[in-house]
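Heads up, the thing below is written out as structure tokens.
Residue numbers (full-length UniProt numbering), protein chains in the order written: chain W, 1 to 647; chain S, 1 to 392.
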């Protein structure tokens, strides 16, 4: 077109050439089976040639008659829609393409009129103004059509699934170090189970069939130099659509001040929502938005990335600010898993973010998210350390009743059993602190010969945490006055630790050596318990005089009485003690039974003459049975139970 | 260092007035010098901002480049402040009276400032939108000759621009208003000049009831100049820095569209005139406060110099387009005038194009700096808390 415009004939003699060319063009235009592009070129050429003709004519005073005619024709096509209540694109494809064609024609006329030298020709000036007015009217209309189209199809383009954050909301880790029971810890840690489903998931934000329409409007608006208007309208609607999606994700609009003051329970929910929103906003919506921008604006150069950035920016800033607020908050141990979720989510998305905002204007966004990732990494480390400190410094004033499994053990073991899910992240983040911890944890696994899983940074940190836990438990065991109960307590807790390690993903990180060692430890406490509790009792039944065949009646009576009192005392105490693990309880009873019942039976068997009901308070069978009441956690006394047994 | 040492220097600090020569060792002398230097720099910097010539557009009060300078100075003051506060060789001071009270208050203020930074960053997005609309006006009016089409195009963009800029703060947050105007079809509105469509809302990033004015008001809570012996110690830089922080946030909020700014000019900060460094800040506060009062009545988007210019030029050009449509044509003189204004508008747009993104990035920098200092102060408090026995 530009080339045509420059070729305006200077001499009347050229008129013949122009007329001939015009003739040919018109003839060509009647050909059927022309491609659209070619037809358009011919139409443009036709318009231009007729203008040249009229320009030359105008010297004769006739003026731009043909141009005016064409303008009038096209004016009717455009103005008619101004009074119509229906949108053009809603009326049908024919109407739409006619309208676009009319706009094209206006643009052609304008270009041609502009292309002619302005030799103070009033008529030409007037026509140009009229055409520009018409163009403005059409552009304004197209903008309206565009907005209507985008808004109309916006709702239908909701992706078929909207994640319900409610399933996440139950997953709240709202307990602190001491008061956590088994169940809630398990629940708390269930990692966003849907994390894999929504990786990159591009949806049609605008139905596929509407894209060509939007594109056709873009094309004609850009061609008429109304690209700015197109962009503003496009950005306006799309930005709002994105913000609506963001609102659906129920992100509370919270100030940093609010977030820093927030209770852990609510904060945890918000952290979950953030993790989820990041995945949805970046992984789904922004990816899709980028594709939409590419589809619509791909051929218009840098406006594409400009529009995308404008659409995305406020939503992104919102997500960014939440992340910053979390990264700057105090890093309490209970935050660790949520922080890990946040870190992992962002770490996974960083490549996408870099790709989405690869242009210069987006470097700001890229940089901020990289900064945030670092901040979250520091937070994870801080929370991890805080967890370690909390485990070793958790103190108690009173002994834990019954000597059972302490809540701290449950909390710690359940909590760390979630760590393997975050293994690679933790290994990465704990790497630099690794050597310190590795040297602290004296397990042989940390040596060069150890297998990979037991020597990785996370494994060493895990063992360092459990060894803190062990020393803390030792401290706690000292609160019991009864030495036997100290052993029961340690046995229970060590056994619990071993069971947790064996029955979870933790096993490879601790290794068989650790398990063996800790099995030995709790068995040692088991033996110590037996020694402390029963050795003195059994000793009472011992033959003082191994030479003589049997005891005197009074000595026998004395011994029986001593045994009964000691046994009843143990019974009274230890029925209130607790061994929660049934297997462990059973084992201990059996081994106690073997020792005590055997000694008692032997004792009675050596003195058959004295055996009668009066002396013997407890029959061998009774003792055997009574032993089974121990460690049930419900205190009993023999003064009642004996009578009951006799009846 | 054993705890008794801390105790000794603490006592020394109390008696500083009575027994200055005796109580002061080399460190304190150094510290006093640092304090003096700090307030000297503060007063120099703000004097420069106050004396910035209004007639040169790129130096005008509350212009983009002026704000960038303000933020630059903030960052410098902040760095020096941290130096004075933390590089001293007695870190335990921050946990002793009066700092044990002043530092947490300072940190509280910092957190509030962070929210202001975010609100302002968000507000800059609106300014960017104004710029884009103004650019359309420029595109329309730089065409030669200007006809009805160009005039209508300019008018449409101007109408959007002016109404966007005149949305009061409350409406700013009511993002839904725009959605409504899009949702129902405007077909049937017979007027040739339809309501402008490319009107973009300020999305509210924070809760609906968040108020920039209240936030800044809250930052001035407990902000009182140190008295008596405190005046010569570390209480004074904490106070100085607090005033600077409040002032900077206040100026940003006054300049840039922000959620809920009613009563901004009524915010008073207790900076006594006799303090040297405070004079320029008070001067600036008064000057900007006056401007704000004038503007507050009109319900304007903000005092940003470029925006005010845009508003002024916008009004003139609006008149121009109106008379164009009324008369069908215009005199050459008017056309020349309009062309000149549109060149001015183009220049304003150019300054925005150049300055807005760097300003936004700088606000982020201020944000990150405040976070960093807060973290360092918290860590320092934590360390001191661990290493020294609690003061009884």
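Quick reminder that beta carbons are idealized off the backbone N, C-alpha and C, glycines included.
Contact check between the stretch 138-150 of chain S and the stretch 129-142 of chain W: three or more CB pairs, one atom from each, fall below 8 Å, which counts as touching. In the three-state DSSP reduction, residue 332 (chain W) falls in the coil class, being neither helix nor strand.
With a cut-off of 8 Å on Cβ pairs, the stretch 227-243 of chain W is in contact with the stretch 122-142 of chain S, counting three or more such pairs.
Against chain W, the CB of residue 135 (chain S) has a partner CB under 9 Å away; the residue lies at that interface. Comparing alpha carbon positions, the residue from W:138, W:38 and W:75 closest to residue 87 (chain W) is W:138. Rounded to the nearest whole angstrom, the C-alpha separation of residue 497 (chain W) and residue 512 (chain W) is 14 Å. Taking CB atoms only, residue 357 (chain S) has a neighbour in chain W less than 9 Å away. Straight across, the Cα-Cα distance linking residue 161 (chain S) with residue 358 (chain S) is about 23 Å. Residue-level contact by beta carbon fails for residue 322 (chain S) and chain W, as no gap is shorter than 9 Å.
Around the CB of residue 431 (chain W), fewer than 16 other CB atoms lie within 10 Å, so the residue is classed as exposed. Residues of the stretch 291-314 of chain W with a Cβ closer than 9 Å to any Cβ of chain S, in chain order: 310, 313 and 314. Residue 350 (chain S) has a beta carbon lying at 9 Å or more from every beta carbon in chain W.
Residue 378 (chain S) is a Cβ neighbour of residue 330 (chain W), given a cutoff of 9 Å.
Cβ proximity to chain W below 7 Å picks out 111, 112, 114, 115, 118, 121, 122 and 125 from the stretch 108-126 of chain S. The beta carbons of residue 287 (chain W) and residue 202 (chain W) sit closer together than 9 Å. By the CB criterion at 9 Å, residue 256 (chain W) and residue 115 (chain S) fall inside the cutoff. Counted as a single uninterrupted DSSP element, the alpha helix (DSSP H) harbouring residue 85 (chain S) occupies residues 64-86. Where residue 238 (chain W) is concerned, the enclosing alpha helix (DSSP H) starts and stops at 227-248. Contact holds between the stretch 615-627 of chain W and the stretch 557-573 of chain W, because three or more Cβ pairs, one in each stretch, are under 8 Å apart. Using a Cβ-Cβ cut-off of 9 Å, residue 321 (chain W) counts as an interface residue toward chain S, since at least one Cβ of chain S sits closer than that to its own. Here residue 265 (chain W) carries a helix assignment [DSSP, helix/strand/coil].
If the five residues before and after residue 345 (chain W) are omitted, its C-beta is found closer than 7 Å to the C-beta atoms of 275, 278 and 279, all from its own chain and listed in chain order. When the Cα atoms are used, residue 391 (chain W) and residue 465 (chain W) turn out to be separated by approximately 7 Å. If you draw a 10 Å sphere on the C-beta of residue 241 (chain S), you find 16 or more other C-beta atoms in it, and that means buried.
Counting along the chain, residue 396 (chain W) sits inside no alpha helix (DSSP H), nor does DSSP assign it H or E at all. With contacts defined as CB atoms closer than 9 Å, residue 420 (chain W) and residue 505 (chain W) qualify as a contacting pair.
Counting the other Cβ atoms within 10 Å of the Cβ of residue 136 (chain W) gives 16 or more, which makes it buried. In summary, the residues of the stretch 360-388 of chain W whose CB is separated from some CB of chain S by less than 8 Å are 361, 364, 368 and 371, in the order they occur in the chain.
Closest in C-alpha terms to residue 262 (chain S), from the list S:163, S:145, S:209 and S:346, comes S:209.
Per DSSP, reduced to three states, the secondary structure at residue 632 (chain W) is strand. In the structure shown, residue 578 (chain W) falls within a strand segment according to DSSP collapsed to helix, strand and coil. By the CB criterion at 9 Å, residue 338 (chain W) and residue 271 (chain W) fall inside the cutoff. In the displayed model, residue 552 (chain W) falls within coil according to three-state DSSP, outside both helix and strand. The residue among W:598, W:295 and W:591 with its C-alpha nearest the C-alpha of residue 529 (chain W) is W:591. Bounds of the alpha helix (DSSP H) holding residue 240 (chain S) are 235-255. For residue 132 (chain S), the chain W residues whose Cβ falls inside 8 Å of its Cβ are 228, 231 and 232, in order along the chain.
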